[in-house]
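Residue numbers (my numbering), protein chains in the order written: chain X, 2 to 262; chain V, 573 to 960.
Beta carbons: idealized from backbone N, C-alpha and C, even for Gly.
None of the values given here were measured: they were computed from a predicted structure.
Contents: one structure, followed by commentary.
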């Protein structure tokens with residue numbers, strides 16, 4: 002699927018630099034994500050892929066650069082404000098709320114959609130009750146979409162790893178995001194689970210039309226799913242283009258396999 | 573789901589969210605999310621809770637006044653324990669300073685309802701519907717002031733700082749004699765008066781103990797239901813998210829600082845109300861009672877009852893309070909243990925050791941407390957005669 006540059010990008014990252022003391026984690030990365038595009042970010046370990054996600058979700062503050070999301074400056078916002086703007090993410094190592102049930106984890110994803118306050122919550126009448134019931138109906142849609150019905154009432158700490166990854170994806174979807182960041186969604190999964198996850202990712206793009214940024218080490222998955230691929234090495238951008246272009250790029254081959262000399 | 577704008581506050585037309593029909597003979601078949609999300613979602617829960625409430629009310633005529641007094645105190649402590657469970661159990665912010673907030677509530681209530689122009693500060697507002705919310709709100713304000721510490725400190729560090737509050741409070745309450753009457757002297761506690769009718773005297777409704785018992789029972793039910801509702805709302809979920817994984821909670825849209833402040837505020841409100849009520853039973857407040865031991869007692873109630881459950885906090889409070897009459901009977905049974913505080917193996921030391929021992933035993937063998945024991949028993953009978 003070729004990206005047509007008719008509408009403005011959802012996310013625009015311009016010349017972002019991030020360093021921890023002397024270590025340059027990100028050095029001048031620029032890219033954008035179009036509507037309904039699936040951009041993959043790949044690179045060897047320590048290339049700065051997860052650091053980019055942490056910059057986007059407001060956990061890290063870059064020293065230089067600009068990030069705009071739907072026309073708004075991201076770098077001036079706190080993480081919870083960024084979430085409310087419609088940016089959702091999953092984590093490389095599952096970061097679920099382990100004592101809560103699958104249902105409650107997904108309901109928490111809808112936190113910023115609720116408008117009622119603590120007093121209304123205490124009475125559980127009117128607005129709070131209506132909002133909770135409506136949210137439950139929407140969360141059930143996601144449970145249905147991700148085939149989580151069997152696990153609904155289980156605390157997530159008791160679930161198998163593959164299911165936990167799926168719950169995390171569901172929690173991000175429950176936020177009704179306008180951009181979804183997926184940090185290694187199939188890490189540690191077997192072939193069958195990987196194919197399930199790939200199917201969900203494609204469904205999210207095709208049925209829900211949510212643009213995505215995907216960080217992944219599974220090259221087969223990346224090359225099959227991504228519209229464009231951004232390659233990083235030691236925080237520097239090496240290449241950006243379609244999967245076929247990137248695979249032929251000599252700089253990419255050098256980054257992964259080492260130089261000739 | 574494809575809609576981008578939030579539609580959470582508008583009801584979805586094709587989904588039954590309001591009233592729904594019950595299918596005869598199928599009590600566990602839900603036809604709406606409202607049924608599925610109800611607090612008492614099974615007939616068994618509805619019947620047993622109903623029976624429990626009826627039993628609790630009928631105890632007011634079945635039990636002797638002395639026992640009612642103990643139970644009324646236990647109910648008030650349960651309100652305080654629910655409060656501690658909100659900040660420590662649900663929101664995961666360890667607080668050893670609960671006694672401090674209880675004290676603030678107790679003195680706010682006592683000062684508001686005390687007679688004007690006496691030895692200690694008094695404003696003569698004895699109506700309970702004024703001084704009880706006021707006690708809660710002043711304590712909540714103190715909680716909100718302390719809460720910013722929780723945004724800077726975590727775990728043990730927060731526990732130590734909140735521990736400092738107790739010592740700070742102990743000193744202030746001992747020295748501020750115009751408010752507290754000073755150590756060893758104390759002052760008259762809040763007087764519960766409802767529309768001119770004194771609730772702590774024998775009257776047409778029953779004896780002093782019966783009326784106070786019913787008052788505390790009604791208030792406990794109200795506070796407990798409120799806490800359950802809060803726990804299953806967006807606020808309770810946000811608390812639990814902060815407890816389980818705070819960075820992820822923030823990335824999911826939960827403002828950490830606001831919710832930590834809210835947790836301390838609500839918890840202190842409960843503590844303040846409990847403080848205001850607690851001493852109406854004995855009619856007397858002594859500044860020395862708001863010590864570390866009281867905070868530990870509340871922690872023990874939460875840990876023994878069950879962390880992050882309202883029914884657990886109530887069970888823990890009842891357990892600890894009903895333990896006290898038993899330990900106080902020890903000196904007559906075991907002559908080595910003395911009832912005098914100046915003697916060395918005395919009954920108060922035995923109590924302290926017992927609380928510690930119970931906390932350790934529960935943490936090792938059943939970290940979910942009495943609530944966990946109940947869940948085990950329930951699951952055993954649910955699947956009986958099969959083990960799973």
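Residues of chain V with CB closer than 7 Å to the CB of residue i, please, in chain order.
i, result
"residue 80 of chain X", "822, 823"
"residue 98 of chain X", "812, 813, 816, 817"
Would you mind telling me which residues of chain V sit closer than 8 Å to residue i, beta carbon to beta carbon, in chain order?
i, result
"residue 74 of chain X", "In chain order: nothing, as chain V lies at least about 18 Å away."
"residue 101 of chain X", "809, 812, 813, 816"
"residue 201 of chain X", "Ordered by position in chain V, no residue passes the 8 Å Cβ test against residue 201 of chain X, which lies about 13 Å from the chain."
"residue 38 of chain X", "Residues of chain V passing the Cβ test: none, with the nearest at roughly 16 Å."
"residue 105 of chain X", "809, 812"
"residue 154 of chain X", "Residues of chain V passing the Cβ test: none, with the nearest at roughly 10 Å."
If you measure from the beta carbon of residue i to each beta carbon in chain X, is any gap under 9 Å?
i, result
"residue 593 of chain V", "no"
"residue 609 of chain V", "yes"
"residue 834 of chain V", "yes"
"residue 574 of chain V", "Only weak support is given to the placement of residue 574 of chain V: the predicted model assigns it a pLDDT of 43, under 50, and the question is left unresolved by the model."
"residue 581 of chain V", "Summary for residue 581 of chain V: the model assigns pLDDT 43, below 50, so the residue's position carries little reliability, and this model does not support an answer."
"residue 880 of chain V", "yes"
"residue 950 of chain V", "no"
Using a C-beta to C-beta distance shorter than 9 Å, which residues of chain V count as neighbours of residue i?
i, result
"residue 176 of chain X", "824, 825"
"residue 113 of chain X", "578, 824, 825, 826"
"residue 60 of chain X", "819, 822, 823"
"residue 129 of chain X", "801, 805, 806"
"residue 41 of chain X", "The premise fails here: residue 41 of chain X is roughly 21 Å from chain V at the closest Cβ pair, so nothing lies under 9 Å."
"residue 84 of chain X", "822, 823, 824, 825, 826"
Run through chain X and tell me which residues come within less than 8 Å of residue i, C-beta to C-beta.
i, result
"residue 838 of chain V", "119"
Assuming residue i and residue j make a contact with CB atoms under 8 Å, what is their CB distance in whole Å?
i, j, result
"residue 760 of chain V", "residue 686 of chain V", "6 Å"
"residue 80 of chain X", "residue 58 of chain X", "6 Å"
"residue 835 of chain V", "residue 658 of chain V", "6 Å"
"residue 931 of chain V", "residue 872 of chain V", "5 Å"
"residue 256 of chain X", "residue 45 of chain X", "7 Å"
"residue 748 of chain V", "residue 848 of chain V", "Between residue 848 of chain V and residue 748 of chain V the Cβ distance is about 18 Å, and since that is not below 8 Å, they are no contact."
"residue 814 of chain V", "residue 828 of chain V", "6 Å"
"residue 56 of chain X", "residue 50 of chain X", "Actually they are not in contact, since the Cβ atoms of residue 56 of chain X and residue 50 of chain X sit about 11 Å apart, beyond 8 Å."
"residue 876 of chain V", "residue 941 of chain V", "5 Å"
"residue 244 of chain X", "residue 224 of chain X", "4 Å"
"residue 644 of chain V", "residue 856 of chain V", "Actually they are not in contact, since the Cβ atoms of residue 644 of chain V and residue 856 of chain V sit about 15 Å apart, beyond 8 Å."
So, does the CB of residue i fall closer than 9 Å to a CB anywhere in chain V?
i, result
"residue 134 of chain X", "yes"
"residue 109 of chain X", "yes"
"residue 237 of chain X", "no"
"residue 123 of chain X", "yes"
"residue 70 of chain X", "no"
"residue 2 of chain X", "With a pLDDT of 48 at residue 2 of chain X, under the threshold of 50, the predicted position of this residue should be treated as unreliable, and no value is reported."
"residue 92 of chain X", "yes"
"residue 77 of chain X", "no"
"residue 206 of chain X", "no"
"residue 26 of chain X", "no"
"residue 172 of chain X", "yes"
"residue 22 of chain X", "no"
"residue 141 of chain X", "yes"
"residue 151 of chain X", "no"
"residue 89 of chain X", "yes"
If the cut is a Cβ gap below 7 Å, which residues of chain X does residue i touch?
i, result
"residue 843 of chain V", "By Cβ distance, chain X contributes nothing, its closest Cβ being about 16 Å from residue 843 of chain V, past 7 Å."
"residue 798 of chain V", "123"
Strictly by DSSP, which residues pair up with residue i?
i, result
"residue 918 of chain V", "V:910"
"residue 215 of chain X", "X:41, X:183"
"residue 74 of chain X", "X:69"
"residue 25 of chain X", "X:20"
"residue 102 of chain X", "X:156"
Please check if any C-beta of chain C sits within less than 9 Å of the C-beta of residue i.
i, result
"residue 754 of chain V", "No chain C appears in the structure shown, which is made up of the protein chains X and V."
Stretch pair the stretch 786-796 of chain V + the stretch 114-123 of chain X: three plus CB contacts closer than 8 Å: no
Stretch-stretch touch, CB-based, cutoff 8 Å, three pairs: the stretch 622-639 of chain V with the stretch 141-151 of chain X: no
Inter-stretch contact at 8 Å, needing at least 3 Cβ pairs: the stretch 109-116 of chain X / the stretch 198-217 of chain X: no
The stretch 641-656 of chain V / the stretch 815-827 of chain V touching (three or more Cβ pairs under 8 Å): no
The stretch 159-172 of chain X in contact with the stretch 183-198 of chain X per 3-pair CB rule at 8 Å: yes
Inter-stretch contact (C-beta, 8 Å, three-pair minimum) for the stretch 202-213 of chain X and the stretch 59-73 of chain X: Taking 8 Å as the limit for Cβ pairs, the verdict is that the stretch 59-73 of chain X does not touch the stretch 202-213 of chain X.
The stretch 90-97 of chain X contacting the stretch 768-778 of chain V, beta-carbon criterion three pairs below 8 Å: no
Any 3 or more C-beta pairs closer than 8 Å across the stretch 861-869 of chain V and the stretch 689-707 of chain V: no
Validate contact between the stretch 732-741 of chain V and the stretch 660-670 of chain V using beta carbons, cut 8 Å, 3 pairs: Because the criterion of three Cβ pairs below 8 Å is met, the stretch 732-741 of chain V and the stretch 660-670 of chain V touch.
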